[in-house]
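Here is the structure we will look at.
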């Protein structure tokens, strides 16, 4: 964690950001991973980022999509892949 130099301890495991610029997407993915699920998704909402989060939920994994991801890829993809659309409760 660049904030304090210690390992990250939150449940956010991976962030994918979809954007035409690889460098831009990589920079945002790194930043969102550092801050965690809630703060990361708040930033994604604020900046209308097309984001997919992979979150550890006990002994299982969950994928959570930002509204921009849902708008771009559609409900069908989310349903077929079992991806949750973001709501504050989706992070719980």
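Numbering (this note's numbering), first residue to last: 15 to 106.
Beta carbons are placed, not taken as given, at the ideal position from N, Cα and C, and that holds for glycine.
The model shown is predicted, which means the values in this text are computed figures rather than measured ones.
Sequence-distant Cβ neighbours of residue 28 in its own chain, meaning closer than 8 angstroms and more than five residues away, are 47, 67 and 68. Assignment of residue 71 by DSSP, reduced to helix, strand and coil, places it in the strand class. Between residue 30 and residue 55, the gap from beta carbon to beta carbon reaches 8 angstroms or more. Straight across, the Cα-Cα distance linking residue 20 with residue 53 is about 18 angstroms. One thing to note: residue 63 has its Cβ within 8 angstroms of the Cβ of residue 82.
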